[in-house]
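In this note's numbering, the protein residues as written are 13 to 525. For each residue, glycine too, the CB sits at the ideal point set by N, CA and C. This report refers to the structure that appears directly beneath it.
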């Protein structure tokens, strides 16, 4: 991995072919802390550098200048392509660097600051994980940008080293290529689609809006060609259904209010949405291994991804807007058959006590009792956690579980829980976690015995609860989801410097134990 290769790269010596050029550069200037301050004082007010990291970097290089012509050209070429990652080249002083005299001390200083920024942004993002959501629990990234850059400059191939810095996950690369395509669409004229009398368009209808709808679907990649005319044909219905599926809409082939709203989302908004998710990837990539259980709270969906490919997929029910599912990276620990539900105090106070006050049979009917000052629901078919619970450590008492309200998985809107993750196919996931083979029969046996049993998992797979509002599926389909939790706006504010705290979120009890 690049973060490991950066460490090993530090053992490489400077190749002989570049040694003479480097010595010449070192003879021209020396970037001592005092010299760095002097040069920084001459910078325009709108250009800021990370003085401490720059100083630390030059301390590693014995205060010598490092930007030979070859290294400079290599970095400038890379910075010229950062737009394909949803980033502005201005973040890295690109235009200013192009105008500065090659070999000047100001060019040397800004090149170093730009390179350090590139290392940090590509490996850790522009914002801390706390900017992604109100509640975040992610293993910290231990990163030394100055040390990494010093190692990279002495690697055999500086350009290849730079190329390895961004996330390597196939999902990130698919999203990056989609960003490039949508940037092209953004430059094209966009005219909103309108329906006669604001009436929904059904298969078999005729409407003057059909030709424009057909053109929109073809451009979006949901059909290669569609019949001409004003008739809403079966071919167009298939294209609309494909469009609805990749936007998380009800797949009914009817162009109603929700489908029309998605169709009328300008390409510029889609470009912004993709860029925000590329940033989410950079912030979290260090904690997302190629094999993981990934819950996308923005899509209310779970996938087991093994070596970058989906092995198991299912619908999920996640936190409501007021009780959002946090962003968490952890590891599966155990499968609990026939779990009791220890009701959180917040649910007891806000939901159960008013019901109990009105109905003195409520607790008996729901198989609940008071135990040590809190309400506990006994295991069984009636239990809100269903028959299985999958534990993973987190500061928020969030976990995955079965449910006794399975009809809710038939809904398209599944942001309904208090923060925990209800699974459409919990036994399939538990079977994998317990080693497969005869594990399914063992799970069924434990459930049938109706005793609460905790079974440690055979494979402690990473669990990543994330929030992707834009992603590209393995078949190449660009997917968008509504920002139910408002986290796109939160991230935009953080990127503008107007929000996103570095303070860790206060742990809360979401679902009980």
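Which ranges does the beta strand (DSSP E) cover as unbroken runs of at least 3 residues, wholly within the region 318-369, from first to last along the chain?
Segments of the beta strand (DSSP E) lying fully in the region 318-369: 321-331, 339-343, 346-349.
Please state whether DSSP places residue 175 in a helix, a strand or coil.
Numbered from 1 along the chain shown, position 163 holds the residue referred to as residue 175. In this structure, residue 175 counts as helix in the three-state DSSP scheme.
Given that a residue counts as buried once 16 or more other Cβ atoms are within 10 Å of its Cβ, and exposed if not, what is residue 432?
Against the chain shown, residue 432 aligns to sequence position 420. Looking at its Cβ environment, which holds 16 or more other Cβ atoms inside 10 Å, residue 432 is buried.
Return the CA-CA distance between residue 416 and residue 86, expressed in angstroms with no decimal places.
Translated into the one-based positions of the chain shown, residue 416 becomes position 404. Translated into the one-based positions of the chain shown, residue 86 becomes position 74. Going from the Cα of residue 416 to the Cα of residue 86 covers about 59 Å.
So residue 469 packs on residue 328, CB below 8 Å; how close in whole Å?
Taking the first residue of the chain shown as position 1, residue 469 is located at position 457. Taking the first residue of the chain shown as position 1, residue 328 is located at position 316. Rounded, the Cβ-Cβ distance is 19 Å, inconsistent with contact.
Do residue 493 and residue 310 have their CB atoms nearer than 7 Å?
Position 481 of the chain shown holds residue 493. Position 298 of the chain shown holds residue 310. In this structure, residue 310 lies closer than 7 Å to residue 493 by Cβ.
Taking the Cβ atom as the reference point for each residue, do residue 503 and residue 339 lie within a distance shorter than 7 Å?
Residue numbering aside, residue 503 sits at position 491 when the chain shown is read from its first letter. Residue numbering aside, residue 339 sits at position 327 when the chain shown is read from its first letter. Going by C-beta atoms, residue 503 is not nearer than 7 Å to residue 339.
Beta-carbon separation of residue 244 and residue 215 under 7 Å?
Here residue 244 refers to the residue found at position 232 of the chain shown. Here residue 215 refers to the residue found at position 203 of the chain shown. Contact: yes.
For residue 426, which of 186, 307, 330, 80 has the nearest alpha-carbon?
What you label residue 426 is simply residue 414 of the chain shown in a count that begins at 1. Of the listed residues, the one whose Cα sits closest to residue 426 is 330.
Within 10 Å of its beta-carbon, does residue 383 have 16 or more other beta-carbons around it, so buried, or fewer, so exposed?
On the chain shown, residue 383 is found 371 positions in, with the first residue counted as 1. Exposed, because fewer than 16 other Cβ atoms sit within 10 Å of the Cβ of residue 383.
On the CB-based measure, 16 or more other CB atoms within 10 Å of its CB, does residue 39 come out buried or exposed?
Taking the first residue of the chain shown as position 1, residue 39 is located at position 27. Note that residue 39 scores a pLDDT of 46, beneath 50, so its modelled location is shaky; the value from the coordinates is reported in the next line. Classification of residue 39: exposed, given that the 10 Å Cβ count is below 16.
Pull up the distance between the alpha-carbon of residue 412 and that of residue 465, whole angstroms please.
In the chain shown, the residue the question calls residue 412 occupies position 400. In the chain shown, the residue the question calls residue 465 occupies position 453. Approximately 16 Å, taken between the alpha carbons.
Does DSSP put residue 63 in a helix, in a strand, or in coil?
Against the chain shown, residue 63 aligns to sequence position 51. The three-state reading of DSSP puts residue 63 in helix, counting H, G and I together.
Compute the beta-carbon to beta-carbon distance between residue 220 and residue 242, rounded to the nearest angstrom, for a pair I have assumed lies under 8 Å.
Within the chain shown, the letter at position 208 stands for residue 220. Within the chain shown, the letter at position 230 stands for residue 242. About 6 Å separates the two Cβ atoms, so the contact holds.
Using DSSP's beta-bridge definition, name the partner residues of residue 76.
As a position in the chain shown, residue 76 is number 64, starting the count at 1. DSSP, once it has assigned bridges, lists 42 as partnering residue 76.
Check for me: the alpha helix (DSSP H) holding residue 504 runs from which residue to which?
Locating residue 504 in the chain shown gives position 492, where the first residue counts as 1. From DSSP, the alpha helix (DSSP H) with residue 504 extends over 499-507.
Taking DSSP's pairing of strands, which residues face residue 429 in a bridge?
Counting from one through the chain shown, the residue named residue 429 turns up at place 417. For residue 429, which the question treats as bridged, DSSP gives the partners 331.
With DSSP as the reference, label residue 436 as helix, strand or coil.
In the chain shown, the residue the question calls residue 436 occupies position 424. Of the three classes helix, strand and coil, the one that applies to residue 436 here is coil, per DSSP.
Kindly indicate the opening and closing residues of the beta strand (DSSP E) around residue 389.
Numbered from its first residue, the chain shown carries residue 389 at position 377. Looking at the DSSP string, the run of the beta strand (DSSP E) that includes residue 389 is 386-389.
Taking just the CA atoms, how far does residue 229 sit from residue 263?
Stepping through the chain shown from its first residue, residue 263 is reached at position 251. Stepping through the chain shown from its first residue, residue 229 is reached at position 217. If I take the Cα positions, the gap works out to 15 Å.
Hey, out of 93, 142, 506, 153, whose CA is closest to residue 130's CA?
As a working mapping, residue 130 is identified with position 118 in the chain shown. Nearest option by C-alpha distance: 93.
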